Every structure is written in structure tokens, then in C-alpha cells.
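Visitor: The numbering of the sequence shown is the numbering used here, which starts it at 1097 and goes up by one. Please read through the structure below; I'll follow up with questions.
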Amino acid sequence: MDRRRSIHHHIISYLFPSSSSILCLCISFLVLLFTTNTNALVKLPENTTVPAIIVFGDSIVDAGNNDDLITEARCDYPPYGIDFDGGVPTGRFSNGKVPTDILAEELGIKPTIPAYRDPNLRQEDLLTGVTFASGGAGYVPLTTQIAGGIPLSQQLKFFEEYIEKLNGMVGQERTTFIITNSLFVIICGSNDIANNFFSLPTAQLQYNVASFTALMADNARSFARTLYQYGARRILMFGAPPIGCVPSQRTVAGGPTRDCVVRFNDACKLFNAKLSANIDGLSRTLQDTTLIYIDIYDPLLDLILYPQQYGFKVSNLGCCGTGFIEVTALCNNYTAAVCPVRSDYVFWDSFHPTETAYRNIVAKLLQRYLNRFF
């Protein structure tokens, strides 16, 4: 791609010396160059175009938006990124790629989805998608405030900036095309349940599980409606994973044998049911829109309960450190050794899966939902 970009740059410089009208022509040419799909690994329906993937949510799909924030919800240091391109920590909460990177790769859009706030973000990357997601974010504003991440409301403001930048680069017509035809991915909710409701006594004084998960699901529906108002027409809303089975929660609340925490999982399932109902209801009121609830709970739970069936050896511990509790700052090169074979583990740290686990899950989701995306 770098060689192609260089060749096109020299050709344009030679043929079109200057002037604003010729500059616009050059920009249009670049749009065609950078929005042309690479070789897709999955076959899209005929005459279907996906110019970009645009992402909102939490640490599952954060690619480094928290890197310059004063927060514990950041991981721009080793051993995070140990299996990423060049072994460089980017702020992704994994050993390698995160789900939206893999989705972009599978759809032939580009190898990774960069963070919008990455200071090294290239202008052309805006054409094929970015992530606004932030570690620690939740549907309930207090959740993000506790973690010191970027709330969904601010993620939307960054999205407004993004649209303005696109308009400046390629004009309103092409910007509308990109927004209308892109996949919008929203992955959020885990922090609300694990780090807010079940961690703060004040939350349980104000809400019970039913009312708190209803608040989450209602806020998620409002967020999806707002994206629609911005022009999004392909929106994927992911449910919550089985939080009670991630290593850290098993350690903290799973008892001496570190069992899956039933009440945590029950809360996730309740939220998922409410979110699914809300999204189904909203989709019936929005014209010319694909708005889908995506179940992430069962695919991940399958890996956790039956790891050997999927080629894993360990599913109740993270690869980093002891695997019991290490996440973010506790997963570091000074106090936490890393397992030698990351692909043996479902979880990278005590909260986030490995790239291998993500690849398995994305493959399942594409098999189940791809025909409904378009």
C-alpha cells in the first residue's frame, strides 16, 4: 500500500502542479484509492460497499484513545501489544488486535482500526474508519467518570469533529456516502455491571438489577437513535459478555474455587434481553436502517466452558502475571511475567481476551450475522 501511495503521489505531483480546483481533483482521486477495499476474507453480498468501520464503546475496542489521559484505564506500555505489529503497545487492551481490527481485516477494509485521538493518525485513515472507544466507558455516565475514561457523550462530540474533517477532505456528498454505508459498532456495558453496580454500594441503594439494566438498555437505545440522526444506517449493538466468568471477577467474587459469579452473569443476561428488545423496537421505527443486536455472551461463554474444543488450554486465568487479577497497571513488564504461548489462553489479562479468542468470536459472529448486516 505504501508503494502504491508513493507512486500515486508522484504521478499527481507531476500531472497537476497546483490550484484549488486541481487540488479537489487530487483529493477525489485519493478518496477512490483509500476507500477501495483490500482483499476481503469474507464474501460480501453483490453490489455491497463498506467504506469504513466506525466504533464507539469501551476497552474491548479502544485502540489508544486513553493513552494521554490520567486514568488507570490505559495500557500503552508492555507487555500489552506484545503480539501486535512490531510488538508495540498502542493502547489496545490485548496482546494483539481487538475485535474491530479483526472485523476490518475480514471485510477487506484495512488491517486495523486506529484510535481517533492517536497523534499519529493519518488523514486518509479517516476515510476508512476510526474508533472513538475508551477504556472504562459505560452507558451510565457515572461508570465512565469513575474510570476516568471518555464518556459516550464526548465520543459523539469527537464523531462530530470527524464528520467535519471528512467534509473538509472530500465534500458533503462523499461524506454522506461514507457515513450511510459504513458499519457502526458499539460495544459497551461491561463496566456498568462490573465496576459500577456491583462495586458501588450507592448504586445498589439507588437501583436494583432490573432498574439498573433498564437504565443501561434505555441509554443504549438513545445512543443508537442519535447515531441514526447523524446519518448512520448500519448499526451493530453488541450485548454484554459473561462478566461473571472473566478471571478478575472470579477471583474477587467467585469464592475459594473461583467459580463464575452467577449474579453477575444474570445481570448481563438481563441487560442483554432488555437491549435486544429495545433495539428490535427501535429498528422498526427507523427507515432504511440495519440496526442489529449482536449476542457476544454465548460465543465467549462457549470458549470459557469448553476451551479444549476451540484449541485453548486455559480459560479461567489471564496470560499476564498470575492470571488472577492483573489488568492494566498490574499487567506490566516489571511485576508480571507473560505466558509463553498466548494462543493457549482465552484471556490475555484478567478482564480482556487474547487476539486468538477474539478471532474465534469474530468468525462465529460473521457466520451468524453477516447476511443481516446488509
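Ideal placement from N, C-alpha and C gives every residue a C-beta, glycine not left out. Source: prediction; values computed, not measured.
(1) Confirm the yes/no value for this check: CB of Tyr1258, any heavy atom of the ligand NAD, distance under 6 Å.
(2) Assuming Gly1160 and Ala1211 make a contact with CB atoms under 8 Å, what is their CB distance in whole Å?
(3) Going by DSSP, name the residue or residues bridged to Gly1153.
(4) Determine the direct distance from the alpha carbon of Ser1446 to that of Val1348, and round the result to whole angstroms.
(5) How do the segment 1440 to 1456 and the segment 1410 to 1420 stand: do at least 3 beta-carbon pairs fall below 8 Å, yes or no?
(6) For the beta strand (DSSP E) that contains Arg1346, what are its first and last residues?
(7) Please state whether DSSP places Tyr1258 in a helix, a strand or coil.
(8) Would you say the segment 1336 to 1348 touches the segment 1285 to 1297, given that touching needs at least three Cβ pairs under 8 Å?
(9) Roughly how many angstroms separate the alpha carbons of Gln1476 and Glu1142, rounded to a whole number?
(10) Looking at the strands, I want to know which residues DSSP matches up with Met1333.
(11) Classify Glu1201: buried if its beta carbon has 16 or more other beta carbons within 10 angstroms, exposed otherwise.
(12) Sort out for me which residues DSSP pairs Phe1160 with in a bridge.
(13) Starting from Phe1443, trace the beta strand (DSSP E) both ways and give me its first and last residue.
(14) Determine the closest residue to Ile1282 out of Cys1356, Arg1218, Ile1259 and Asp1158, with distance taken between C-alpha atoms.
(15) Straight-line CA distance for Phe1360 to Gly1183?
(16) In this structure, how does DSSP classify Leu1466 when only helix, strand and coil are distinguished?
(17) If you follow the alpha helix (DSSP H) that Asn1361 is in, where does it begin and where does it stop?
(18) If you count every other CB in all the chains shown that lies within 10 Å of the CB of Glu1269, and 16 or more means buried, which is it?
(19) Less than 7 Å between the beta carbons of Gly1187 and Asp1179, yes or no?
(20) Where does Ser1124 fall in DSSP's three states?
(21) How is Ala1310 classed by DSSP in three states: helix, strand or coil?
(22) Assuming contact is defined by CB atoms lying nearer than 7 Å, are Ile1284 and Gly1377 in contact in what I supplied?
(23) Taking 7 Å as the CB-CB limit, is Lys1370 close to chain C?
(24) Would DSSP call Thr1224 helix, strand or coil?
(25) Quick check on the DSSP output: what are the complete alpha helix (DSSP H) runs of length 4 or more inside the segment 1178 to 1260, in order along the chain?
(26) Are the beta-carbon atoms of Val1442 and Phe1408 separated by less than 7 Å?
(27) Spell out the partners DSSP gives Val1434 in its beta bridges.
(28) Quick check: Leu1262 and Leu1222, are their CB atoms within less than 7 Å of each other?
(29) Over what stretch of residues does the alpha helix (DSSP H) that includes Leu1301 continue unbroken?
(30) Taking only three categories from DSSP, how would you classify Ser1411?
(31) State the DSSP-derived secondary structure class of Pro1449, mapped to helix, strand or coil.
(32) Please check the pair Leu1399 and Asn1456, which I expect to be a contact at CB under 8 Å, by giving their CB distance rounded to whole angstroms.
(33) Determine the direct distance from the alpha carbon of Ala1313 to that of Lys1370, and round the result to whole angstroms.
(34) Any idea what DSSP makes of Arg1270, helix, strand or coil?
(35) Determine the direct distance from the alpha carbon of Val1410 to that of Arg1354, and round the result to whole angstroms.
(36) Ignore the nearest five residues each way along the sequence and tell me which others in Thr1240's own chain have a CB closer than 8 Å to its CB.
Guide: The structure says:
(1) Among the components of this structure there are no ligands whatsoever, and the ligand NAD is therefore not found.
(2) 4 Å
(3) Ile1283
(4) 11 Å
(5) yes
(6) No beta strand (DSSP E) contains Arg1346, which is instead part of the alpha helix (DSSP H) from Pro1343 to Ala1349.
(7) helix
(8) yes
(9) The structure shown does not extend to residue 1476, since the chain is modelled only from 1097 to 1470, so the question has no answer here.
(10) Ile1282 and Tyr1389
(11) buried
(12) The residue you asked about is not Phe; residue 1160 is Gly in the sequence shown. In DSSP, Gly1160 forms no bridge with anything.
(13) Tyr1441 to Phe1443
(14) Asp1158
(15) 34 Å
(16) helix
(17) Val1358 to Ser1379
(18) exposed
(19) no
(20) Low local confidence applies: a pLDDT of 42 at Ser1124 is under 50, so the model's placement there is unreliable, with the coordinate-based value given in what follows. Helix, per DSSP.
(21) helix
(22) Residue identity differs from the one stated: residue 1284 is Cys in this sequence, not Ile. Not in contact: Cys1284 and Gly1377 (Cβ atoms no closer than 7 Å).
(23) Checking the listed chains, one finds no chain C in this structure; it contains a single protein chain.
(24) coil
(25) 1195 to 1202 and 1237 to 1243
(26) yes
(27) Cys1416
(28) yes
(29) Pro1297 to Gln1302
(30) strand
(31) strand
(32) 6 Å
(33) 6 Å
(34) helix
(35) 14 Å
(36) Ser1230, Gly1232, Ala1233, Gly1234, Ile1246, Pro1247, Leu1248 and Asn1287
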